[in-house]
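Enquirer: Heads up: the sequence lines are chains A and B, in that order. When you line the first sequence up against UniProt numbering, it's residues 1 to 196, in that order. When you line the second sequence up against UniProt numbering, it's residues 1 to 196, in that order. Virtual Cβ for every residue (Gly too), placed ideally from N, Cα, C. The structure presented is a predicted model; accordingly, all values stated were derived computationally and were not measured.
Number of protein chains: 2
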Amino acid sequence: MLTKAERTKQFILETAVPIYNEKGIAGANIDDVLEATKLTKGCLYGHFEGKDDLSEQVIDLALKMVSDKIRAEVYKGKTIKGKIFAFLDFYKNPFETYISGGCPIFNTAVQVDDNYPFIKEKVAKVIKMGQQELTALLQEGINNGEFSETLDPVVFAFKLVASVEGGIVMCRVMETAKPMHGLIKSLKMELEQHIV
Amino acid sequence: MLTKAERTKQFILETAVPIYNEKGIAGANIDDVLEATKLTKGCLYGHFEGKDDLSEQVIDLALKMVSDKIRAEVYKGKTIKGKIFAFLDFYKNPFETYISGGCPIFNTAVQVDDNYPFIKEKVAKVIKMGQQELTALLQEGINNGEFSETLDPVVFAFKLVASVEGGIVMCRVMETAKPMHGLIKSLKMELEQHIV
DNA sequence: TCACAAATATACTAAAAAGTATATTTTATC
DNA sequence: GATAAAATATACTTTTTAGTATATTTGTGA
Numbered sequence: 001m002l003t004k005a006e007r008t009k010q011f012i013l014e015t016a017v018p019i020y021n022e023k024g025i026a027g028a029n030i031d032d033v034l035e036a037t038k039l040t041k042g043c044l045y046g047h048f049e050g051k052d053d054l055s056e057q058v059i060d061l062a063l064k065m066v067s068d069k070i071r072a073e074v075y076k077g078k079t080i081k082g083k084i085f086a087f088l089d090f091y092k093n094p095f096e097t098y099i100s101g102g103c104p105i106f107n108t109a110v111q112v113d114d115n116y117p118f119i120k121e122k123v124a125k126v127i128k129m130g131q132q133e134l135t136a137l138l139q140e141g142i143n144n145g146e147f148s149e150t151l152d153p154v155v156f157a158f159k160l161v162a163s164v165e166g167g168i169v170m171c172r173v174m175e176t177a178k179p180m181h182g183l184i185k186s187l188k189m190e191l192e193q194h195i196v
Numbered sequence: 001m002l003t004k005a006e007r008t009k010q011f012i013l014e015t016a017v018p019i020y021n022e023k024g025i026a027g028a029n030i031d032d033v034l035e036a037t038k039l040t041k042g043c044l045y046g047h048f049e050g051k052d053d054l055s056e057q058v059i060d061l062a063l064k065m066v067s068d069k070i071r072a073e074v075y076k077g078k079t080i081k082g083k084i085f086a087f088l089d090f091y092k093n094p095f096e097t098y099i100s101g102g103c104p105i106f107n108t109a110v111q112v113d114d115n116y117p118f119i120k121e122k123v124a125k126v127i128k129m130g131q132q133e134l135t136a137l138l139q140e141g142i143n144n145g146e147f148s149e150t151l152d153p154v155v156f157a158f159k160l161v162a163s164v165e166g167g168i169v170m171c172r173v174m175e176t177a178k179p180m181h182g183l184i185k186s187l188k189m190e191l192e193q194h195i196v
């Protein structure tokens with residue numbers, strides 16, 4: 001069983017995740033987190049060294065949450081095609097994202113670009129890992145005869161993620177989900193062109 | 001001729017553009033801008049009502065700069081295909097972006113999502129306008145016989161922007177330009193599939 | 001080139017945010 | 001259920017950032 005302190009720390013992190021995702025690392029502040037958790041400074045600083053430490057762990061959790069969720073969704077697909085389709089369908093609603101405020105992987109990637117080198121490392125790792133996994137999945141589809149050799153797994157894995165992530169941002173700012181649906185349909189068709 | 005004040009204001013805005021693009025709206029602060037311009041508070045506050053006013057005008061300029069630049073690049077293409085290719089080639093270097101720190105349209109879109117409703121409106125307008133222009137361009141290509149009816153201009157215009165913008169972010173965080181080149185090649189091939 | 005208004009600099013205040021010292025409460029173990 | 005240690009709350013200080021009042025300088029038209 002988790003100790004009280006461990007539960008409190010987890011609670012702080014979980015409460016802070018959507019705040020950070022919505023307001024960004026620089027935009028989020030300690031007081032926002034205290035307000036949301038109804039805890040106090042003394043408590044928060046008992047669990048974290050300071051804002052940087054909190055930020056790092058919050059982003060860490062957000063990245064882990066969304067990565068795990070995507071993996072779980074992909075896992076549901078029976079075939080490789082089914083898994084890729086499941087991946088795409090995960091992105092179909094740009095407004096009710098798994099964590100409120102859009103995709104934390106991308107949101108973070110944009111913010112940490114020049115600032116926050118530590119966090120940048122973490123996001124890079126998550127994205128690289130995702131690319132490897134998707135690429136391996138597509139390669140498996142070629143190996144097991146689902147897809148033809150005409151499919152370039154590395155390129156298509158990148159195209160998949162870049163376009164859906166970009167699509168989410170665009171749809172959110174334009175306040176319409178429609179283009180996302182067209183995009184997902186188009187990507188599914190593109191994959192189907194390589195089905196043997 | 002521009003008056004001294006007009007030139008100073010323009011100088012402040014132009015100097016602030018990369019700062020805002022690199023550090024974000026919440027991350028950028030007045031002192032950063034004063035430091036970079038070597039000007040003083042009195043001067044800056046003579047030209048802007050406050051940080052919000054400055055932020056708004058800086059983002060406005062950044063959006064205008066990059067939009068104009070993209071239009072100019074696209075304009076160079078002789079055929080519609082040439083114009084689309086020129087658009088894609090604009091994004092080929094994720095590190096030396098036209099404005100330092102990545103694409104300001106996208107960077108801004110991510111940040112303003114929940115906060116800054118005024119600026120969100122502006123970004124939305126820019127993105128919608130871009131989509132309209134790209135869609136019209138593709139439609140023109142269909143009309144003039146360059147492309148077949150199999151091309152869906154609305155969907156492809158969205159796919160183009162979403163993927164290259166997403167690609168930029170991913171490449172920047174992973175610190176490799178290679179996937180961007182694969183993506184652009186893939187998008188060019190996708191367009192060429194519809195050439196009659 | 002003088003005058004004066006516009007532009008800019010200086011030196012402050014105000015507000016917001018982070019961080020800390022210490023008191024109080026709670027939890028877990030005996 | 002008493003107690004010590006851990007967890008949390010309170011009440012501060014410090015730092016950072018935004019904003020302002022006023023003095024000084026500079027550009028520009030008469």
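Under a CB-based cut-off of 7 angstroms, is residue 172 (chain B) close to chain A?
Expert: True, the Cβ-Cβ gap to chain A drops below 7 angstroms.
Enquirer: Could you compute how far the alpha carbon of residue 178 (chain B) sits from the alpha carbon of residue 158 (chain A)?
Expert: Between residue 178 (chain B) and residue 158 (chain A), the C-alpha separation is close to 11 angstroms.
Enquirer: Would you identify the three-state DSSP class for residue 85 (chain B), choosing helix, strand or coil?
Expert: Reduced to three states, the DSSP call for residue 85 (chain B) is helix.
Enquirer: Taking just the CA atoms, how far does residue 89 (chain A) sit from residue 66 (chain B)?
Expert: Those two C-alpha atoms are separated by around 32 angstroms.
Enquirer: Among B:78, B:38, B:32, B:69, whose alpha-carbon lies nearest the alpha-carbon of residue 98 (chain B)?
Expert: Closest by alpha carbon: B:69.
Enquirer: Go through its chain and collect everything with a Cβ distance to residue 196 (chain A)'s Cβ below 8 angstroms, but skip five positions before and after it.
Expert: Excluding residues within five positions, the ones whose Cβ falls inside 8 angstroms are 145, 146, 147, 148.
Enquirer: Using alpha carbons as the reference points, say which of A:101, A:21, A:10 lies closest to residue 37 (chain A).
Expert: Of the candidates A:101, A:21, A:10, the one whose C-alpha sits nearest the C-alpha of residue 37 (chain A) is A:10.
Enquirer: One question on the structure: do residue 104 (chain B) and residue 21 (chain B) come within less than 7 angstroms of each other, judged by their Cβ atoms?
Expert: The answer is yes: Cβ separation under 7 angstroms.
Enquirer: Helix, strand or coil: which one does DSSP assign to residue 95 (chain B)?
Expert: Residue state, collapsed to three classes: coil.
Enquirer: Do the CB positions of residue 112 (chain A) and residue 119 (chain A) come within less than 7 angstroms of each other?
Expert: Yes, these two residues count as a Cβ contact at 7 angstroms.
Enquirer: For residue 130 (chain B), tell me which candidate among B:162, B:152, B:116, B:151 has the shortest Cα-Cα distance.
Expert: Ranking B:162, B:152, B:116, B:151 by Cα distance to residue 130 (chain B) puts B:162 first.
Enquirer: Name the chain B residues whose beta carbon is nearer than 7 angstroms to that of residue 179 (chain A)?
Expert: Those within 7 angstroms of residue 179 (chain A) in chain B are 158.
Enquirer: Name the chain B residues whose beta carbon is nearer than 7 angstroms to that of residue 111 (chain A)?
Expert: Ordered by position in chain B, the residues that pass the 7 angstroms Cβ test against residue 111 (chain A) are 24.
Enquirer: Output the distance between the C-alpha atoms of residue 168 (chain A) and residue 108 (chain A), rounded to the nearest integer angstrom.
Expert: C-alpha separation (whole angstroms): 14 angstroms.
Enquirer: Which residues mark the beginning and the end of the alpha helix (DSSP H) in which residue 136 (chain A) is found?
Expert: Taken as a continuous stretch (DSSP letters only), the alpha helix (DSSP H) holding residue 136 (chain A) covers 117-143.
Enquirer: Let me check understanding here. Comparing Cα to Cα, which of B:19, B:43, B:92, B:15 lies closest to residue 164 (chain B)?
Expert: It is B:92 whose Cα lies nearest to the Cα of residue 164 (chain B).
Enquirer: Under the assumption that residue 48 (chain B) contacts residue 54 (chain B) (Cβ atoms under 8 angstroms), give the Cβ distance between them as a whole number of angstroms.
Expert: Residue 48 (chain B) to residue 54 (chain B), Cβ: 4 angstroms. Contact.
Enquirer: Would you mind telling me which residues of chain A sit closer than 8 angstroms to residue 106 (chain B), beta carbon to beta carbon, in chain order?
Expert: Chain A residues near residue 106 (chain B): 110, 166, 169.
Enquirer: Which bits of chain B does residue 143 (chain A) rub up against, with CB to CB less than 7 angstroms?
Expert: The premise fails here: residue 143 (chain A) is roughly 21 angstroms from chain B at the closest Cβ pair, so nothing lies under 7 angstroms.
Enquirer: Between residue 32 (chain B) and chain A, is there a C-beta pair that is closer than 7 angstroms?
Expert: Taking Cβ atoms only, chain A never reaches closer than 7 angstroms to residue 32 (chain B), which makes this a no.
Enquirer: CA-CA distance, residue 83 (chain A) and residue 77 (chain A)?
Expert: Approximately 4 angstroms, taken between the alpha carbons.
Enquirer: CA-CA distance, residue 138 (chain B) and residue 193 (chain A)?
Expert: Going from the Cα of residue 138 (chain B) to the Cα of residue 193 (chain A) covers about 22 angstroms.
Enquirer: Less than 7 angstroms between CB atoms is the rule here; does residue 186 (chain B) satisfy it with respect to chain A?
Expert: Yes, contact with chain A.
Enquirer: Going straight from the alpha carbon of residue 189 (chain A) to that of residue 153 (chain B), what length do you get?
Expert: So the alpha carbons of these two residues sit roughly 15 angstroms apart.
Enquirer: Taking a Cβ distance cut-off of 7 angstroms, strictly less, list which residues of the region 66-91 of chain A are near chain B, in chain order.
Expert: The region 66-91 of chain A vs chain B, Cβ under 7 angstroms: nothing.
Enquirer: Please classify residue 80 (chain B): does DSSP put it in a helix, a strand, or coil?
Expert: Residue state, collapsed to three classes: helix.
Enquirer: Specify the secondary structure class of residue 25 (chain A) as computed by DSSP and reduced to three states.
Expert: Coil at residue 25 (chain A), not helix or strand.
Enquirer: Using a Cβ-Cβ cut-off of 7 angstroms, state whether residue 183 (chain B) counts as contacting chain A.
Expert: Cβ-Cβ to chain A under 7 angstroms: yes for residue 183 (chain B).
Enquirer: Let me check you understand the geometry: is the CB of residue 113 (chain B) closer than 6 angstroms to at least one non-hydrogen atom of the ligand FAD?
Expert: Questions concerning the ligand FAD fall outside what the structure shown contains, since it holds no ligand whatsoever.
Enquirer: What residues in its chain sit with their C-beta under 8 angstroms from that of residue 100 (chain B), if we drop five residues either side in the sequence?
Expert: Within the same chain, residue 100 (chain B) has close Cβ partners 18, 21, 22.
Enquirer: Taking 7 angstroms as the threshold (beta carbon to beta carbon), is residue 124 (chain A) in contact with chain B?
Expert: Chain B contact via Cβ: present.
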